[in-house]
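Residue numbers (this note's numbering): 13 to 463. Where a beta carbon is used, it is the ideal one built from N, C-alpha and C, also for glycine.
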C-alpha cells in the first residue's frame, strides 16, 4: 500500500488523470454530464501542460517523438468538446511516462548500492603520527594502515603484513586474493583478514574504485542512444498524419474529421506497450540479480549477436568446494580432512568453510583444537589430540620448517596444505563448480542465433 501511495504521489499527472476519469464516470452515471465534461476538460488541459513544456524543450534540441500527435489529439478533443477521448489519451500518455520513469528509478536504486560502498575515511601515518583523514585527503606516497574488514581507500602497494582481499566488486572474482609485501591492492577491495601497512601509489580521486564510481554516476545521467520504434519514424509519420487530417477537414467540411484522424493516428497502444514491456523485462531481470539501467539498454540487448561470459560466479557458482583430498603416508585422507577441519572451524575464510562443510558431509570427526595461533592470510597452527597441526599455504608450512616428501609437485589448483608433527601429511584442492543450468543456457542462446 505504501509503495502504491508513493507511486501515485510521485506521478501526480497520471494519478490526477485516473481520478478525473473515475469522477467523470460517476458524474455521467449520476445524470450530470455537464459536470463530467468540466472535470474531464480542465484536468486534460492541466495535466498536458507539463508534457507540452517538455515537448517544447525536446523540439528545441532537435528531438521529435510520437507525443506531438498525442498532445494535438488532447487539445483538439477539448476544443471540440470530445472530453472522453481527451482523458483516455491523457491516461495513456501519462501512464506510459510514469512506467518508464518508475523502471529507471528501480535500476538507479541498484546502482546506488555500489556508490554506498565507497570508503569515506582512511588511517594514515604521517611523520610518525597515526591520523584518521577523509579519503579525498589521501596523498600519493602516504602510508596507509588497513585493518581486517576495511575497504581499501586508495590504490596502494603492500609494505608490511599479509592478508587476503575480496576483489569481487572490482573483478568479479569470488576467490580471495592473497597479498604480501610488494603486491598491489586496489581501492574498493575489502581486507578479509590481517592488518597490513601499504604505500599509496595513487590519490583516492585517481584510484580504481573512484573511476568505477565516476562511470556509474555518468551512466546515471546519460541518455540511451536507442529510442522507441515509434519515435524513429515520428517525423514522417506525424507529417503524413497532419496532411491526412487536414485533408479530411477540408473535404469533409468539419473539424471533427481532423480530430478523428489525429485520434486514430495517435499510437496509444505504443505509448503503453513499450513502457510495460520494458518495466516487465527489467523487473524480471532484477529478480535474477541482473541490473538493467534503462529501457534503451534492454533494447540494445535484443540486437546482440555475440555474448561473452565471465566464468567465475556466472557460469560457475562462485563458491569454492573441496575437489580432492590427498594424504601422504602414514596419514589417511579421513585424518587429513578431520584435522584440517578441526583447525579451520575457527576461521571465517572461504576455504576454511569449504573444508568444514566437506568434513561434515564425509562424517569426519571435528575435534576441538587447542592453542590456536593464526598468521593472517597464511595459515593456522594448533594442537589437536596432543598432535601439532599446521594448516595453510605452502610458504606458511615452509616458514615453520615442515618436511616435504620427495618428488613433491605443487598442484595447479587452489590448494590448502596440512602438516602433522612437522611433516607434510596431506593437501586439499578446491574447485568452483559449474552451474547446473550453464550448459542449457548456452545451448538456448545458440538456438537464438547468438555466438
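Residue i vs residue j beta-carbon contact at 9 Å
i	j	result
residue 133	residue 165	yes
residue 356	residue 337	no
residue 209	residue 191	no
residue 361	residue 188	yes
residue 402	residue 414	yes
residue 97	residue 275	yes
residue 83	residue 32	no
residue 162	residue 202	yes
residue 366	residue 390	no
residue 199	residue 219	yes
residue 406	residue 426	no
residue 388	residue 409	no
residue 106	residue 63	yes
residue 394	residue 382	yes
residue 221	residue 182	yes
residue 225	residue 376	no
residue 290	residue 313	no
residue 325	residue 185	yes
Rounded distance between the beta-carbons of residue j and residue i, thought under 8 Å
i	j	result
residue 81	residue 253	6 Å
residue 333	residue 440	Contact doesn't hold; Cβ gap of about 11 Å is too wide.
residue 211	residue 169	5 Å
residue 379	residue 397	6 Å
residue 29	residue 278	Incorrect: roughly 15 Å between the Cβ atoms, too far for contact.
residue 92	residue 267	6 Å
residue 60	residue 87	7 Å
residue 167	residue 204	The Cβ separation is near 18 Å, so there is no contact.
residue 358	residue 400	Incorrect: roughly 16 Å between the Cβ atoms, too far for contact.
Within-9 Å CB hit, residue i to chain B
i	result
residue 427	Looking at the structure shown, chain B is missing, and only one protein chain is on hand.
Own chain partners of residue i with C-beta closer than 7 Å, once the 5 adjacent residues on each side are dropped
i	result
residue 48	36, 39 and 40
residue 297	304
residue 250	80 and 81
residue 197	164, 168, 170, 177, 191 and 210
residue 346	376
residue 340	417, 436, 437 and 438
Burial state of residue i, where buried means 16 or more other Cβ atoms lie within 10 Å
i	result
residue 139	exposed
residue 248	exposed
residue 462	exposed
residue 237	Low per-residue confidence applies at residue 237: pLDDT is 49, beneath 50, and the placement is therefore not dependable, though the value from the model is reported in the following sentence. Exposed: under 16 other Cβ atoms inside 10 Å.
residue 151	exposed
residue 264	exposed
residue 154	buried
residue 34	exposed
residue 348	buried
residue 9	Residue 9 lies beyond the stretch modelled for the chain, which goes from 13 to 463, so this question has no answer here.
residue 26	buried
residue 429	buried
residue 111	buried
residue 453	exposed
residue 149	exposed
residue 424	exposed
residue 158	buried
residue 101	buried
residue 292	exposed
residue 456	exposed
residue 315	exposed
Own chain partners of residue i with C-beta closer than 6 Å, once the 5 adjacent residues on each side are dropped
i	result
residue 95	49, 52 and 53
residue 416	436
residue 386	392
residue 370	334
residue 6	For residue 6 there is no data in the structure shown, the boundaries of the chain being 13 and 463.
residue 257	270, 273 and 274
Same chain only: Cβ atoms within 8 Å of residue i, ignoring 5 sequence neighbours per side
i	result
residue 328	444, 445, 446, 447 and 450
residue 318	462 and 463
_Threshold first: 3 residues or longer. Then list the beta strand (DSSP E) segments lying entirely within the region 131 to 165, N to C._
Counting only runs of 3 or more, we get 133 to 138, 141 to 146 and 155 to 158.
*Length-filtered (4 minimum) alpha helix (DSSP H) runs lying within the region 326 to 405*: Qualifying alpha helix (DSSP H) stretches, in chain order: 345 to 356 and 362 to 374.
*Ranges of the alpha helix (DSSP H) found wholly within the region 163 to 205, counting only runs of at least 4*: Whole alpha helix (DSSP H) segments, 4+ residues: 180 to 183.
*3 or more residues per run - each beta strand (DSSP E) lying fully within the region 429 to 463*: List check, beta strand (DSSP E) in window: 435 to 446.
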